[in-house]
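Throughout the sequence shown, residue numbering follows our numbering, covering 8 to 505 in sequence.
The beta carbon of each residue, even a glycine, is placed where N, CA and C say it ideally should be.
What follows is a set of notes on a single structure, which appears directly below.
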Amino acid sequence: PDCSSDNFAIRPNEFHSTLDPAVTINASEPTTMTFSAFTFDGATPTELYNEVQLTSFDVSLAITDPLAVCPFSIFQLTPNVEFTDGAVTGDYTFDHVGLVTMKISETAGSEYALVDAEDTLDADRYITPWEAEITIIPDHFKLELKDYYDANFDINTDKNFTYLSDDYKMMSKLEFNITAEDFLNNTTLNYTDLCAAKDVDVTVTHSVVPPPLSNFVMRLQAKYVTALPVDNITIPVADDITFTTLNGKELPKEFFLNGTASLELLLNFDRKTNLPLNPFKFTINDITVVDENATTTVVSPEIINKDATFFYARVHSPRSRAMCNGVTCNGTVNFYYEVYGKNTTTVEQGLITTLLGAVPKKSLDSVNWYRNTEHNLSSDGNVTGSTQNIPIFAGTPVSFTPNIVTATTVGNYNYDGSNGYPFKGTVTVDSSEAVTADTNQTQSWLIYDQFNPHPATIKNVELEYYGPGSWSSDTGPAGSVTDESGNKNRNTNRRIRW
């Protein structure tokens, strides 16, 4: 009789894994899981099924969202899955982060039951795949501090300082990086804006801030992502500095580029124009970072105890006098840049002498103020304009001469003599916003007036002009003089200057 034969395969019914899609997995951290090739009952591993990944089946991992833009869209599971009697348990790692679709499925053309290809439908021949969406996240954030810089910073000197200011143009700057890393401390490059990055909460702990300061004024901005809007932020000094979902100021995911957010925290305080205070150091104690997946920072000792030094400053000019010999008279006002220090402690006095030397120059006419000879006219503020009630001689406009050696500015006011002599004028330096170029006079952090409540915007300076004089032959108080108009000056405490 004729004999016939038919080779066929007895295959598993379905693949399965104990991996729970609801549980997030840290990139590169070994995760224990079991892979199974079950029989028809959905619970029993198939005996003698001893296939190895990349032969008849594979485990694929690919970014779920087709619109995501990721440096790595295909992931690798390590090690390969190797079945023994339809099951295997081991520690496996995933090499990147993101929301991925994981699938265990047979490879067409190499499937276990390929022998049945001619007489069995694919749906009956292939092992049913196992598929799930899983979330792989960074293991931790690493903080890397670049430095905490004063506004006036020079790496070659310790004479660094920041003037107290609340207009966001004079700020200390903390530069630091937040890097998402895996279990092996490698940067997770997929933690980037258009792929796997999340909004992040940042908390900064700090030293005590002295009164009367009550609020931080800040900006947190990305160093290399300049297109993003930057908000001005105000937080009470009694609180930690927080950029969180609770105050709507969380660090946006757009700040992350290939796993790292390079940040600049610009910081100062709500300076009051009529309430000076002693210099102080402000210290950053620590920074913590956490995202919505609860990825948080590892301990970062380099962040601890970084500080900046703050001074209360003013532009100041003593009352000025000009002695005139002709019809017109050039009067000058010397503008000095000074810092405050009253009844200072050893620590506070140390801040002053570190900046200004062992014998700091005192203000010419004020106690508790010192001339800041380290003031930089280009970056720390400068008087560049003023208004005045002085009739100025035609053709000789008001001018300002900076002296970078003495850290002073000289204003020149050529009086035309039309109001006679003596004449007392007032020069007003204004810190309000410029309307035109010639009205941009000086910076708000240099305006101080103890009698003018915050927010004062002007500083007034007296400039007196005295004309040619002669002794009066008329009977009158001793020391009386007459000016060129014949008017007697009966202010006997004035001395004639020839």
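With a threshold of 16 other CB atoms inside 10 Å of the CB of residue 500, please say whether the residue is buried or exposed.
The pLDDT assigned to residue 500 is 42, lower than 50, so where the model puts this residue is not dependable; a value taken from the coordinates is nonetheless given after this. Residue 500 counts as exposed, since fewer than 16 other C-beta atoms from the protein chains shown sit within 10 angstroms of its C-beta.
Report the partner residues of residue 327 according to the DSSP bridge assignment.
Looking at the DSSP output, residue 327 shares a beta bridge with 470.
For residue 417, list the residues DSSP reports as bridge partners.
341, 408
How is residue 130 classed by DSSP in three states: helix, strand or coil?
helix
Could you name the residues of the same chain whose beta carbon sits closer than 7 Å to that of residue 59, not counting the 5 residues immediately before and after it, in chain order?
Within the same chain, Cβ atoms closer than 7 Å to the Cβ of residue 59 are found at 87, 89, the five residues on either side in sequence being excluded.
Boundaries of the alpha helix (DSSP H) in which residue 228 is found, first to last residue
Residue range 222–229 is occupied by the beta strand (DSSP E) that includes residue 228, with no alpha helix (DSSP H) assigned at that position.
Through-space distance from residue 194 to residue 118, alpha-carbon basis
In a straight line, the C-alpha of residue 118 is about 37 Å away from that of residue 194.
Host beta strand (DSSP E) of residue 354 (start-end)
It is not in any beta strand (DSSP E) - residue 354 instead sits in the alpha helix (DSSP H) that spans 353–363.
Those runs of the beta strand (DSSP E) which lie wholly inside the region 256–289 and span at least 3 residues:
267–276
Could you have a look at residue 451 and say whether DSSP puts it in helix, strand or coil?
helix
Going by DSSP, name the residue or residues bridged to residue 101.
84
Can you name, in chain order, every residue of its own chain whose Cβ lies under 6 Å from the Cβ of residue 481, other than the five neighbours on each side?
The pLDDT assigned to residue 481 is 47, lower than 50, so where the model puts this residue is not dependable, and the model offers no usable value.
Exposed or buried, which one is residue 291 when buried takes at least 16 other CB atoms within 10 Å?
buried
Starting from residue 25, follow the beta strand (DSSP E) in both directions and report where the run begins and ends.
No beta strand (DSSP E) holds residue 25; DSSP gives it neither H nor E.
Does the distance between the C-beta of residue 216 and the nearest non-hydrogen atom of the ligand MN fall short of 7 Å?
By its list of ligands, the structure shown contains no ligand whatsoever, and the ligand MN lies outside what it can speak to.
8 Å contact criterion, which residue 225 and residue 273 should meet: CB distance rounded:
6 Å
What does the Cβ neighbour count give for residue 350, buried or exposed, with the cut at 16 atoms within 10 Å?
Sixteen is the threshold: since fewer than 16 other Cβ atoms of the shown chains lie within 10 Å of the Cβ of residue 350, the residue is exposed.
Taking residue 288 as the reference, which of 276, 266, 98 has the closest Cα?
276
Using a Cβ-Cβ cut-off of 6 Å (strictly less than) and excluding sequence neighbours within five positions of residue 261, which residues of its own chain qualify?
200, 235
In or out: residue 391 buried (at least 16 other Cβ within 10 Å) or exposed?
buried
Rounded to a whole number of angstroms, what is the C-alpha to C-alpha distance between residue 206 and residue 301?
11 Å
N-terminal and C-terminal residue of the beta strand (DSSP E) that residue 378 is part of
376–378
Can you give me the C-alpha to C-alpha distance between residue 364 and residue 378, rounded to a whole angstrom?
11 Å
Taking 8 Å as the threshold, find out whether the region 94–108 comes into contact with the region 33–43 through three or more Cβ pairs.
Judged by Cβ distances under 8 Å, the region 94–108 makes contact with the region 33–43, as three or more pairs qualify.
6 Å CB neighbourhood of residue 460 in its chain, flanking five on each side removed
Annotation for residue 460: 281 place their beta carbon closer than 6 Å to its own, counting only its chain and skipping 5 residues before and after.
Is there contact between the region 141–156 and the region 175–193, where contact requires at least three CB pairs shorter than 8 Å?
Between the region 141–156 and the region 175–193 there are three or more inter-stretch CB-CB distances shorter than 8 Å, so the stretches are counted as touching.
Test item: CB-CB of residue 361 and residue 165 under 8 Å
yes
My understanding is that residue 182 touches residue 228, with C-beta atoms under 8 Å, so please give their C-beta distance in whole angstroms.
That pair is no contact at about 11 Å.
Kindly list the residues whose CB is nearer than 6 Å to the CB of residue 109, restricted to its own chain and excluding five residues on each side of it in sequence; keep chain order.
68, 139, 141
Looking at the structure shown, is residue 519 part of a helix, part of a strand, or coil, going by DSSP?
In the structure as shown, the chain begins at 8 and stops at 505. Residue 519 is therefore absent and cannot be evaluated.
What's the C-alpha gap between residue 323 and residue 386?
18 Å
Residue 16 classed as buried or exposed, judged by whether at least 16 other C-beta atoms fall within 10 angstroms:
exposed
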